[in-house]
Amino acid sequence: MAHLAVIGTGPAGMLAALSLKRSGHEVALIGPAMRLGDKRTTALMMPSIRVLDHLGIWDSVRPQAAPLKKMRIIDGTKRLLRAPTVTFHAHEIDEEAFGWNIPNDVLNGALNAALIDAGVDRIAETAGTIAEFPAGVTVTLASGATRSFDGIIGADGQDSPSRKAAGIAVRTVDLPQAALVCVFSHGVPHQNISNEIHTETGPCTTVPLPEAKRSSLVWVLRPEEARAKAALPAPELSRQVETRLRSMLGAVSIDADIGAQVWPLSGLIARQAARGRIALIGEAAHRFPPIGAQGLNLSVRDIEALTEHLSRNDGVVTAFSFYAEARASDIRMRHTAVMTLNRTLLTPLLPAQLLRGAGLALLDSVPFLRGIVMREGMQPGSGLARLMPKRNQSGSRPDFSA
Ligand SMILES: Cc1cc2nc3c(=O)[nH]c(=O)nc-3n(C[C@H](O)[C@H](O)[C@H](O)COP(=O)(O)OP(=O)(O)OC[C@H]3O[C@@H](n4cnc5c(N)ncnc54)[C@H](O)[C@@H]3O)c2cc1C
């Protein structure tokens with residue numbers, strides 16, 4: 002078993018430290034104290050929920066989470082070519098829910114408690130210099146102390162010092178967008194439906210909370226617009242949110258004491274997910290706008306793959322190189338899909354509008370296609386696998402009977 006350091010105490014870093022510790026490695030988690038006061042909620046799809054369950058934290062999170070039974074995409078643009086509204090039902094793919102919506106503070110709190118319980122070595126400092134040698138990696142901490150490890154997992158976010166230390170190139174895209182987030186009460190029950198309204202500045206998404214008349218909001222706007230709205234008195238912001246939602250959830254009331262937050266958005270993809278003794282997970286490796294709840298779900302798949310390759314292979318360098326190879330296509334495909342969809346919202350060009358509209362119209366009318374997209378949205382490969390003929394027990398002949 003390896004001696005590993007996870008750098009970064011966001012949700013990806015905490016999940017990775019817990020998963021690696023539970024699979025028998027010696028793990029140190031390096032980074033500042035857990036961030037409190039994050040007003041976002043995170044929609045985690047069922048495969049990610051199963052990981053939380055496997056790691057023993059789902060039971061404590063579940064009472065404060067809400068199931069997502071339907072997902073509705075609404076074209077809220079004022080453009081010439083508008084797409085039809087598409088509603089996906091989890092029961093169409095034999096699931097009770099696509100996933101669950103969890104307040105970030107609840108998830109982070111549960112992870113923090115589980116890390117203490119699991120005995121992860123918690124180093125509450127930032128990492129300074131990271132130096133790689135043939136036999137290991139050293140991390141010099143803010144206090145000046147130096148610690149040695151077999152390998153580093155960089156979960157240190159978009160500016161990732163680990164990525165820089167590994168010399169991994171990165172492609173970044175500045176976006177003219179920021180997300181306004183808040184929690185609100187509304188007059189009409191949400192019925193566990195998440196609404197993603199596509200607008201000219203990005204998606205405006207409502208996601209159910211456990212109470213029937215409470216939801217979280219992620220409204221993507223131009224940065225200056227998002228900041229101006231966040232500064233509005235709660236009654237005025239409530240009125241503007243209700244107008245944007247076309248009153249589909251009735252009267253909106255944003256809690257004055259909780260208020261709204263603004264999260265700047267950008268795109269980022271690392272050329273590879275590992276090099277030598279340094280592996281990257283989460284936003285250190287990939288970042289894109291919040292469309293279709295993909296960000297942390299993708300990071301959970303990073304963590305599953307990393308844990309599996311470290312258990313299966315002797316030596317950190319070999320395991321990390323298999324990990325990078327295994328993650329390349331999922332990361333590239335999700336990044337491209339989300340960035341492209343985001344671009345089709347921002348661009349006034351007719352061909353892009355046409356493409357988005359035609360895609361949604363197809364999804365609205367062809368159940369088979371909807372099934373593939375819903376499954377792929379939850380777990381890569383699970384939708385497309387249904388297109389492949391089944392193999393019989395000898396594995397030699399396709400079986401078309403199912
Ligand atoms: C508005 C919004 C809504 C979203 N909704 C969803 C959703 O519904 N579903 C979903 O799956 N995803 C969602 N996402 C994406 C998700 O929030 C991110 O993927 C996730 O928070 C990123 O986590 P992370 O741990 O990779 O990075 P971060 O949260 O950025 O954590 C990085 C950590 O590294 C630490 N760090 C940096 N430098 C150092 C250093 N030198 N030493 C030590 N530590 C260091 C930082 O302090 C920080 O704690 C959303 C994102 C946004 C912006």
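Per the numbering used here, the very first residue in the sequence shown carries number 2; after that it's consecutive.
All residues carry an ideal CB built from backbone N, CA and C; glycine is no exception.
Residue interval of the beta strand (DSSP E) (run including M72): Taken as a continuous stretch (DSSP letters only), the beta strand (DSSP E) holding M72 covers 71-76.
Please state the DSSP three-state secondary structure of V219. It is a strand residue.
Just the Cα atoms here: how many angstroms apart are T25 and M2? The sequence shown places Gly at residue 25, rather than the Thr named in the question. G25 and M2: Cα-Cα distance of roughly 7 Å.
Pull the bridge partners of P265 from the DSSP assignment, please. Its beta-bridge partners are A179.
What is the DSSP secondary structure of N316, reduced to helix, strand or coil? It is Gly, not Asn, that sits at residue 316 in the sequence shown. Note: G316 maps to coil in three-state DSSP.
With contact counted as at least three CB pairs below 8 Å, one residue from each stretch, are the stretch 28-39 and the stretch 112-131 in contact? Verdict: yes, contact present.
Length at least 4, wholly inside the stretch 42-112: the alpha helix (DSSP H) runs in chain order: With a minimum length of 4 residues, the continuous alpha helix (DSSP H) runs that stay inside the stretch 42-112 are 47-55, 59-62.
Under the criterion of a Cβ to heavy atom distance below 6 Å, does N298 qualify as lining ligand 1? For ligand 1, at least one heavy atom lies less than 6 Å from the Cβ of N298.
Would you be able to state if there are at least three C-beta pairs under 8 Å between the stretch 134-150 and the stretch 37-45? With the cut-off at 8 Å, the stretch 37-45 and the stretch 134-150 do not touch.
V174 CB to nearest chain D CB: under 7 Å? The chain labelled as chain D is not found in the depicted structure, where only one protein chain is given.
Within the same chain, show all residues whose beta-carbon is closer than 6 Å to that of Q394, passing over the 5 residues directly before and after it, in chain order. Confidence in Q394 is poor, its pLDDT being 42 and thus under 50, which makes the residue's placement too unreliable to answer from.
Buried versus exposed, by CB contacts within 10 Å (16 or more), K79: K79 should be labelled exposed.
Consult DSSP for T173 and reduce its assignment to one of helix, strand or coil. Here T173 sits in strand by DSSP.
heavy atom of ligand 1 below 6 Å from A66 C-beta: For ligand 1, not one heavy atom lies less than 6 Å from the Cβ of A66.
With V242 as the anchor, note down where its beta strand (DSSP E) starts and where it stops. Unbroken run through V242 is the alpha helix (DSSP H), 235-245; no beta strand (DSSP E).
For ligand 1, is there a heavy atom less than 6 Å away from the beta-carbon of A306? Result no, Cβ not under 6 Å from ligand 1.
What does the alpha-carbon distance come out to for the pair G14 and A156? Each residue's alpha carbon lies about 5 Å from the other.
Check whether the stretch 57-73 touches the stretch 83-91, taking contact to mean three or more Cβ pairs, one atom from each stretch, closer than 8 Å. Inter-segment contact for the stretch 57-73 and the stretch 83-91 is present: three or more beta-carbon pairs are separated by less than 8 Å.
Quick one: residues in its chain with C-beta nearer than 7 Å to the C-beta of I131, no 5 flanking neighbours on either side, listed in chain order? Only V138, V140, I153, P162, S163, A166 meet the Cβ criterion.
With a threshold of 7 Å on Cβ separation, who are the neighbours of T10 within its own chain once the five nearest residues in sequence on each side are excluded? Same-chain partners within the cutoff: L30, G32, P33, M35.
Can you list, in chain order, the residues of its chain whose CB lies under 7 Å from that of L181, leaving out five sequence neighbours each side? Same-chain partners within the cutoff: W220, L222, A227, K230, A231, A261, V263.
Backbone secondary structure at A125 - three-state DSSP: In the structure shown, A125 adopts coil according to DSSP, grouped into three states.
Of the residues G296, F185, A257, which one's Cα is nearest the Cα of E243? The residue among G296, F185, A257 with its C-alpha nearest the C-alpha of E243 is F185.
Own chain, CB closer than 8 Å to G38, minus 5 neighbours either side, in chain order: Around G38: D106.
Does at least one heavy atom of ligand 1 sit under 6 Å from the Cβ of V219? Indeed, a heavy atom of ligand 1 lies less than 6 Å from the Cβ.
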